[in-house]
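One structure is given here, and the rest of the page talks about it.
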Amino acid sequence: MDWDRIKAKDLLALFSSFKPKDGVVLSVTIYPSEFGKERMKAEETQGPLELTNLPDDPEADTEDQRIYREKVRDYQFKRLRYYYAVVECDSVETAAKIYEECDGFEYESSCSMVDLRYCDTFSGLKATAEKLVKKKLEGKDKLTPWEEFLEKKKEKKKEKRKEKKEEVAISDDELPADVDLDDPFFAEESKKNKNKVIDHLSVWKSIIFSARFKQVDVQDPRFQAMFTSHLYNLDPSDPAYKKTKATQSILEEKQKRREQQEEHGQKGALKRQKTAEKPNKNSKEMDPSLSMLIKSIKNKTEQFQARKKQRIK
């Protein structure tokens, strides 16, 4: 059986499914075998013997890798013999029925076959198991290398804590004998230091507050590019946009300047229009004699052009 995955409760459920109608499976207990004890004792200090001298490249399909896979397979088969289970039934009939139904049975399509043997009594096994549990609870059992490593680690931590406590005690002992820590002087110094910390924190809070909530000085020359360049346009529809007093003041100032620019442009257009109308007004106020001369020249020019056309015809 694959003892890394199968527990006593799994076997209890299995055998209870094949017991007679009136039969009872009293208990299922898993014990380490003699072979398993020897192997596990060796593995605690040396590790699995089959898994030593691993190849440099486990993925490569080489002769060493094939040998290594065979060793792993052999080790996994040997692990199936590390433990065995003892099933206690209420009667011989119940045990016989379970043996008849389950011996050679494949457990849940896992390629693990149930190999059953009949044993008359297991009082010695029970006593051995109780002795092992009792030793473990009393702490008399020998620690494994891993448990020894953990114990050493705990001891080192305890020593470090003890050293720190001693250092603190030494620093307190270094004070002169006539120094009283309850003296009002120390209380006043402590209060001053506390006030300094509070003042420092209040300064930072005011800076953060002003950055978040205070309006921006829109007349500051350092911010003029925000109102003249399209590179600094704020888009309120952008998901990253956050509506604050600062951003609102920037948008309002930009709108205000745009309106002023449009108003200035309209005034400029009116001024140019008035400038263009001035020549007509001046012509109306022209001297009459000069006006008559201009008309006479125009008439003579028209007559000359008419005669010229007749000659050409």
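Residue numbers 37 to 349, in the numbering used here, belong to the letters of the sequence shown in order. Cβ atoms here follow ideal geometry from the backbone N, Cα and C, with glycine treated the same way.
- Query: Using DSSP with H/G/I as helix, E/B as strand and the rest coil, what is residue 155?
  - Reply: Residue mapping note: residue 155 aligns to position 119 of the sequence shown, counting from 1. It is coil, neither helix nor strand.
- Who are the Cβ neighbours of residue 50 in its own chain at under 6 Å, not counting the five residues just before and after it? Here residue 50 is taken as the residue at index 14 of the sequence shown, counted from 1. Result list for residue 50: empty, nothing under 6 Å.
- Item | Coil, strand or helix - residue 98 by DSSP | In the sequence shown, residue 98 corresponds to position 62, counting from 1. Of the three classes helix, strand and coil, the one that applies to residue 98 here is coil, per DSSP.
- Task: Out of 140, 133, 149, state which residue places its alpha-carbon closest to the alpha-carbon of residue 113.
- Result: What you label residue 113 is simply residue 77 of the sequence shown in a count that begins at 1. Of the listed residues, the one whose Cα sits closest to residue 113 is 149.
- Query: In the DSSP assignment, what are the bridge partners of residue 121?
  - Reply: Position 85 of the sequence shown, counted from the start, is the residue given in the question as residue 121. For residue 121, which the question treats as bridged, DSSP gives the partners 66.
- What is the residue span of the alpha helix (DSSP H) that residue 50 lies within? Walking along the sequence shown from the start, residue 50 turns up at place 14. Where residue 50 is concerned, the enclosing alpha helix (DSSP H) stretches over 44-54.
- Assuming residue 350 contacts residue 119 under a Cβ cut-off of 8 Å, what Cβ separation, rounded to an integer in Å, is found between them? For residue 350 there is no data in the structure shown, the boundaries of the chain being 37 and 349.
- Shortest alpha-carbon distance to residue 127 belongs to which of 100, 193, 56, 71? Along the sequence shown, one-based indexing puts residue 127 at 91. Answer by Cα proximity: 56.
- Task: May I ask which residues mark the beginning and end of the alpha helix (DSSP H) holding residue 261?
- Result: By 1-based counting over the sequence shown, the position of residue 261 is 225. Counting along the chain, the alpha helix (DSSP H) containing residue 261 begins and ends at 261-264.
- Message: So the candidates are 122, 184, 186; which of them puts its Cα closest to the Cα of residue 155?
- Response: Within the sequence shown, residue 155 is the residue found at index 119, counting from 1. Of the listed residues, the one whose Cα sits closest to residue 155 is 122.
- CA-CA distance, residue 247 and residue 254? Stepping through the sequence shown from its first residue, residue 247 is reached at position 211. Stepping through the sequence shown from its first residue, residue 254 is reached at position 218. Because the pLDDT of residue 247 is 49, which lies under 50, any placement of that residue in the model is unreliable, and the number read from its coordinates should be weighed accordingly. Taking the straight line joining both Cα atoms gives about 14 Å.
- Buried versus exposed, by CB contacts within 10 Å (16 or more), residue 131: As a working mapping, residue 131 is identified with position 95 in the sequence shown. By the 10 Å Cβ count, residue 131 comes out buried.
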